[in-house]
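*Asks:* To start, I am sharing the structure in question, which I have written as structure tokens.
2 protein chains.
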Amino acid sequence: MKAYKDMSKEELLALKRSLEEEFKTEEAKGLSLNMARGKPGASQLTLSMPMLDVINSSSDMKTLLGNDTRNYGDWDGIGECRRLMADMMEVKKDNVIVCGNSSLNIMYDIISYSMLMGVNGSTPWCKLDKVKFLCPVPGYDRHFKITELFGIEMINIPLKEDGPDMDMVEKYVNNDDAVKGIWCVPKYSNPTGISYSDEVVKRFANLKPAAADFRIFWDNAYGIHHLYENKQDEILNILEECEKTGNPDMVYIFSSTSKISFPGSGVSAVATSFKNIEDIKKRMTTQIIGHDKINQLRHVRFFKDLDGVKAHMKKHGDILRPKFEAVIDILDAELTGLEIGNWNKPNGGYFISFDSMPGCAKSIVAKCKELGVVLTDAGATFPYGKDPEDSNIRIAPTFPTQEEMAEATKIFALCVKLASVEKLLAY
Amino acid sequence: MKAYKDMSKEELLALKRSLEEEFKTEEAKGLSLNMARGKPGASQLTLSMPMLDVINSSSDMKTLLGNDTRNYGDWDGIGECRRLMADMMEVKKDNVIVCGNSSLNIMYDIISYSMLMGVNGSTPWCKLDKVKFLCPVPGYDRHFKITELFGIEMINIPLKEDGPDMDMVEKYVNNDDAVKGIWCVPKYSNPTGISYSDEVVKRFANLKPAAADFRIFWDNAYGIHHLYENKQDEILNILEECEKTGNPDMVYIFSSTSKISFPGSGVSAVATSFKNIEDIKKRMTTQIIGHDKINQLRHVRFFKDLDGVKAHMKKHGDILRPKFEAVIDILDAELTGLEIGNWNKPNGGYFISFDSMPGCAKSIVAKCKELGVVLTDAGATFPYGKDPEDSNIRIAPTFPTQEEMAEATKIFALCVKLASVEKLLAY
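Residue numbers (my numbering), protein chains in the order written: chain A, 34 to 460; chain B, 34 to 460.
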């Protein structure tokens, strides 16, 4: 394969004509495919259907401690569900609050309350001239939307193969007391699929924040979402590391079963230091009487323990692996050697991240749309929806079937080629 | 019966000695009874157990519109559940957002967001020197806790037989632009059990608030929680009345099935104007991807429609009525004519409200505790937990059995008598 950048203008023009022919052929097919949404596919959801049988009208509805899950009580979750989530999050049960169906909502609530009331008695962030969050990029659009909603200034931090650029993180966190937080997806990162190295986690734990109310928002959304049995990323336990460095209050860890049981009908949890739990308790016991404990019981009775969750996640991996590989195989076959893009081959998570030549992402997404293939908006993986390089595209292979993914990826590769040729000709 | 106030000192002293004997006898029994919590009893929860069968592993999980309830989507609730909640709330479906398991959480979220970001573009309340809420008293402690948490100044408004003192409400709302809200439980009010008259509702709708971002927080928690088939309070539809007066944005209506299906595992909803829904949408779609739609489906498939809910609530009423009557019968028998207290005889809701002689409530609650009967803290029904008259006590007859309630009420009556005698002797 000849790299596009090494082609003459004539070669590029000829290539462009040929790609445009292909484009017209595809356009005529009137496809409708969606690679935008990080949603489980129907076959994954089917895996959890037996969960809907474990609680029925003849079930014992009591917790191990004898509390009635059908009534008010246990604001921080029933004990056995706190145990399960703690095991999943690799923390102690006493560090865990089990909440409702959405870990995003826990993050929103913590930031909203910090804005209004501060953190553990600190000055409310809304009273400060400036509040900043560090945003490893590309990252998760819904994280960025929360900080954007509250007018928090977001600072891009390059996400490398082993985690965020820690030199930059240290520089900002240790020197600027307006920096109050950082968004992290430490394992199978959304969207690049990388996991933080031990060194990166240790550097996080060793931060010496200028602001006492600086917090790491450690969204371990894909903690056990492996694609392979023999290639599984592992990360160090950030809460433990922060305890070792005497900084236990510096981190909130988030998790949920949204992509384990049912999106929207799972359980979520936050794990943090005892001091932070007291701070959250003060707010949460005013906000709500308690979360859905019957659903917590349903989860515990179905999964039983962490081994049960892991066995379940292996089935998810078996369904997702061929979809991911379909995308990667086609990208490999179609684009290798052309030097018009890079893509990752993650060991887990929900996304494949594609970096086009600078200035091509929007054009690729627009062209795909013309051919009936919907991608996440270009730029969505950056704060304010602005990718300074106009390069990153998030591919979500989970929802369509394997065949649809293959078809959509062919379209995608075609659009990458055409957009790249156009870009090169425009220089 | 001779009124205590008409007794001579000698009579009171003799009575005191006799009551103290009774007190010692009861003390020796070592009872443990709880009249504090507005929780359904076990037999009520049993009524909803069949709901846990209607969704199982062989269920069709699609909504009427064909959306998969197991996956992300329908941020404002599945259509059929919005319809059901709209019918319950007597509003149009398009005015309803179905949320998670807690209407209290919806209220908290709206106030928290108004503090930070204002209402429909108004100045954020946290930027103002002073924000005030009107609090009809006695009222619901958890309402007051929310406004207290955010430092909102709470102003007591006497709750009369037909609703809040509307002269005072009008004076404050129409003249003071720091007044941003009022807490209302318009039907079977917590704790006095009264319902707002048509005139009161109309006066609410005709408010001309000095603050454009003034809102009525209309917590219709007991909208269909009747005790009697032939004595059912009805209230005017506040949203409709506000539409008539050209003030549709002035009200949020809240409801939930917490005391219909399961506390903690029900569904909640807010109904309001289209403009307010847009304001909520902006926040909510950042806060959460969506609520628990499987549980929404479970509720709709079980209740089917409003008639189904009403039939279910009749069964609740049949369970609760004897408990309420047990309390009232004993209060009538023990205290009538003594002029040491007043109590209501509600047609629905969850509470009986007792007003002792001024300055006796704390003493009564403390004495009951000594005898093993737990009551809601005296003062809890007032902002900041401070009842200026030290007179109101909330009795929750729902959780204990009828026999336990009778026993507890006898203890209560004894403590009322003793505390009153002590008070009269202290003058």
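Built from N, CA and C at the ideal position, the CB exists for glycine as well.
Looking at the strands, I want to know which residues DSSP matches up with B:Val406.
*Replies:* Here residue 406 of chain B is taken as the residue at index 373 of the second sequence, counted from 1. In the DSSP output, where bridge partners are listed per residue, B:Val406 has B:Leu66.
*Asks:* How is the alpha helix (DSSP H) around B:Asn138 delimited, first residue to last?
*Replies:* As a position in the second sequence, residue 138 of chain B is number 105, starting the count at 1. In the DSSP assignment, B:Asn138 falls within the alpha helix (DSSP H) that extends over Ser136 to Met150.
*Asks:* For A:Ala439 versus A:Leu66, is the C-beta spacing smaller than 8 Å?
*Replies:* Residue 439 of chain A sits at position 406 when you count from the first residue of the first sequence. Residue 66 of chain A sits at position 33 when you count from the first residue of the first sequence. No; because the gap between Cβ atoms is not below 8 Å, this pair is not in contact.
*Asks:* Taking CB distances under 8 Å as the criterion, tell me whether B:Lys326 reaches chain A.
*Replies:* If you number the second sequence from 1, residue 326 of chain B lands on position 293. Yes - at least one Cβ of chain A is within 8 Å of the one on B:Lys326.
*Asks:* Using a 10 Å radius around the Cβ and a threshold of 16 neighbouring Cβ atoms, would you call A:Ser424 buried or exposed?
*Replies:* The residue you call residue 424 of chain A lines up with position 391 of the first sequence. Buried, since its Cβ has 16 or more Cβ neighbours within 10 Å.
*Asks:* Where does the unbroken alpha helix (DSSP H) through A:Ile179 begin, and where does it stop?
*Replies:* In the first sequence, the residue the question calls residue 179 of chain A occupies position 146. A:Ile179 -> alpha helix (DSSP H) spans Asp174 to Leu182.
*Asks:* Does DSSP put B:Asp351 in a helix, in a strand, or in coil?
*Replies:* Position 318 of the second sequence, counting from 1, holds the residue named residue 351 of chain B. Residue state, collapsed to three classes: helix.
*Asks:* Taking the straight line between their C-alpha atoms, what separation do you get for A:Leu364 and A:Ile428?
*Replies:* Here residue 364 of chain A refers to the residue found at position 331 of the first sequence. Here residue 428 of chain A refers to the residue found at position 395 of the first sequence. Rounded to whole angstroms, A:Leu364 to A:Ile428 spans 12 Å at the Cα level.
*Asks:* Check for me: the beta strand (DSSP E) holding B:Met187 runs from which residue to which?
*Replies:* For the purposes of this step, residue 187 of chain B is taken as the residue at position 154 of the second sequence. Its beta strand (DSSP E) spans residues Glu186 to Lys193.
*Asks:* Is A:Arg116 near the ligand ADP, with its Cβ less than 7 Å from a heavy atom?
*Replies:* Within the structure as shown, the ligand ADP is missing, as the structure has no ligands at all.
*Asks:* Buried or exposed, going by whether 16 or more other CB atoms sit within 10 Å of the CB of A:Met317?
*Replies:* Sequence index remark: in the first sequence, residue 317 of chain A carries index 284 (1-based). A:Met317 should be labelled buried.
*Asks:* Can you find a CB in chain A that lies within less than 8 Å of the CB of B:Arg103?
*Replies:* Within the second sequence, residue 103 of chain B is the residue found at index 70, counting from 1. Chain A, which has a Cβ nearer than 8 Å to the Cβ of B:Arg103, makes this yes.
*Asks:* Which of helix, strand or coil does DSSP assign to A:Asp282?
*Replies:* In the first sequence, residue 282 of chain A corresponds to position 249, counting from 1. Looking at A:Asp282 - three-state DSSP - the assignment turns out to be helix.
*Asks:* Is the Cβ-Cβ distance between B:Val206 and B:Asn189 less than 8 Å?
*Replies:* Counting from 1 along the second sequence, the entry for residue 206 of chain B is found at position 173. Counting from 1 along the second sequence, the entry for residue 189 of chain B is found at position 156. No.
*Asks:* Taking three-plus beta-carbon pairs below 8 Å as touching, is the region 396-412 of chain B in contact with the region 443-457 of chain B?
*Replies:* With the cut-off at 8 Å, the region 396-412 of chain B and the region 443-457 of chain B touch.
*Asks:* Chain B partners of A:Asp86, CB-CB under 8 Å?
*Replies:* Working through the first sequence from its first residue, we reach residue 86 of chain A at position 53. Under the 8 Å cutoff, chain B gives Asn89 and Ser90.
*Asks:* Enumerate in chain order the residues of its own chain whose CB-to-CB distance from B:Lys49 is below 6 Å, with the five nearest sequence positions on each side excluded.
*Replies:* The sequence position of residue 49 of chain B within the second sequence is 16, counting from 1. So the qualifying residues of the chain are Val454.
*Asks:* Below 7 Å on C-beta distance, what does B:Lys292 contact in chain A?
*Replies:* The sequence position of residue 292 of chain B within the second sequence is 259, counting from 1. Going along chain A, no residue has its Cβ under 7 Å from B:Lys292, so there is no contact; the nearest lies around 10 Å.
*Asks:* Would you mind working out which of A:Ser135, A:Asp39, A:Glu53 and A:Glu44 sits nearest A:Ile444, comparing C-alpha positions?
*Replies:* In the first sequence, residue 444 of chain A corresponds to position 411, counting from 1. It is A:Glu53 whose Cα lies nearest to the Cα of A:Ile444.
*Asks:* Can you confirm whether the region 357-371 of chain B touches the region 146-159 of chain B when touching is taken to mean that 3 or more C-beta pairs between the two stretches lie within less than 8 Å?
*Replies:* no
*Asks:* Taking only three categories from DSSP, how would you classify A:Leu161?
*Replies:* One-based indexing of the first sequence puts residue 161 of chain A at position 128. Of the three classes helix, strand and coil, the one that applies to A:Leu161 here is coil, per DSSP.
*Asks:* What residue range is occupied by the uninterrupted beta strand (DSSP E) comprising A:Lys213?
*Replies:* Translated into positions along the first sequence, residue 213 of chain A becomes position 180. Element bounds for A:Lys213: Val212 to Cys217.
*Asks:* Taking the Cβ atom as the reference point for each residue, do A:Asp420 and A:Ala394 lie within a distance shorter than 8 Å?
*Replies:* As a first step, residue 420 of chain A must be located in the first sequence, where it is residue number 387. As a first step, residue 394 of chain A must be located in the first sequence, where it is residue number 361. Against a cut-off of 8 Å, the Cβ pair of A:Ala394 and A:Asp420 comes out as a contact.
*Asks:* Between which two residues does the beta strand (DSSP E) carrying A:Asn461 extend?
*Replies:* Residue coverage of chain A in this structure runs from 34 to 460, which leaves residue 461 of chain A outside it and unanswerable.
*Asks:* Going by beta carbon distance, what residues of the same chain come within less than 6 Å of B:Leu240, once the five residues before and after it are set aside?
*Replies:* One-based indexing of the second sequence puts residue 240 of chain B at position 207. Take B:Leu240, set aside five residues on each side of it, and the residues of its chain with a beta-carbon closer than 6 Å to its own are Val206, in chain order.
*Asks:* Let me confirm a value: A:Asn263 is counted as buried when at least 16 other C-beta atoms fall within 10 Å, else exposed. Which label applies?
*Replies:* By 1-based counting over the first sequence, the position of residue 263 of chain A is 230. Exposed: under 16 other Cβ atoms inside 10 Å.
*Asks:* A:Asp252 bridges to which residues according to DSSP?
*Replies:* Against the first sequence, residue 252 of chain A aligns to sequence position 219. A:Asp252 pairs with A:Phe287.
*Asks:* Less than 8 Å between CB atoms is the rule here; does B:Tyr255 satisfy it with respect to chain A?
*Replies:* Taking the second sequence and counting its residues from 1, the one referred to as residue 255 of chain B is at position 222. For B:Tyr255, the answer is no, since every Cβ of chain A falls outside 8 Å of its Cβ.
*Asks:* Tell me, which residues are paired with A:Lys196 by DSSP?
*Replies:* The residue given as residue 196 of chain A occupies position 163 in the first sequence. For clarity, residue 196 of chain A is Gly in the given sequence; the question names Lys instead. A:Gly196 is bridged to A:Lys193.
*Asks:* What residue range is occupied by the uninterrupted alpha helix (DSSP H) comprising B:Asn328?
*Replies:* Here residue 328 of chain B corresponds to residue number 295 of the second sequence, with the count starting at 1. Its alpha helix (DSSP H) spans residues Lys326 to Phe336.
*Asks:* Taking 8 Å as the CB-CB cut-off, is B:Lys419 touching chain A?
*Replies:* The residue labelled residue 419 of chain B in the question sits at position 386 within the second sequence. Judged by the 8 Å Cβ criterion, B:Lys419 is not in contact with chain A.
*Asks:* A:Ile352: which of A:Gln329, A:Ser76 and A:Ser386 sits nearest, CA to CA?
*Replies:* For the purposes of this step, residue 352 of chain A is identified with residue 319 of the first sequence, where counting begins at 1. Closest option to A:Ile352, judged by alpha-carbon separation, among A:Gln329, A:Ser76 and A:Ser386: A:Ser76.
*Asks:* In chain order, what are the residue ranges of uninterrupted beta strand (DSSP E) at least 3 long that sit wholly in the region 367-404 of chain B?
*Replies:* 374-376 and 385-389
*Asks:* Residues of the region 147-171 of chain A with a CB closer than 7 Å to any CB of chain B: list them in chain order, please.
*Replies:* Met148, Leu149 and Cys159
*Asks:* Under 8 Å by Cβ, that's how I've got B:Gln329 and B:Ile143 pegged, so tell me the actual separation to the nearest angstrom.
*Replies:* Walking along the second sequence from the start, residue 329 of chain B turns up at place 296. Walking along the second sequence from the start, residue 143 of chain B turns up at place 110. Not a contact, Cβ separation roughly 20 Å.
*Asks:* State the Cα-Cα distance for the pair A:Ser294 and A:Trp108, rounded to the nearest angstrom.
*Replies:* For the purposes of this step, residue 294 of chain A is taken as the residue at position 261 of the first sequence. For the purposes of this step, residue 108 of chain A is taken as the residue at position 75 of the first sequence. Cα-Cα distance, rounded: 22 Å.
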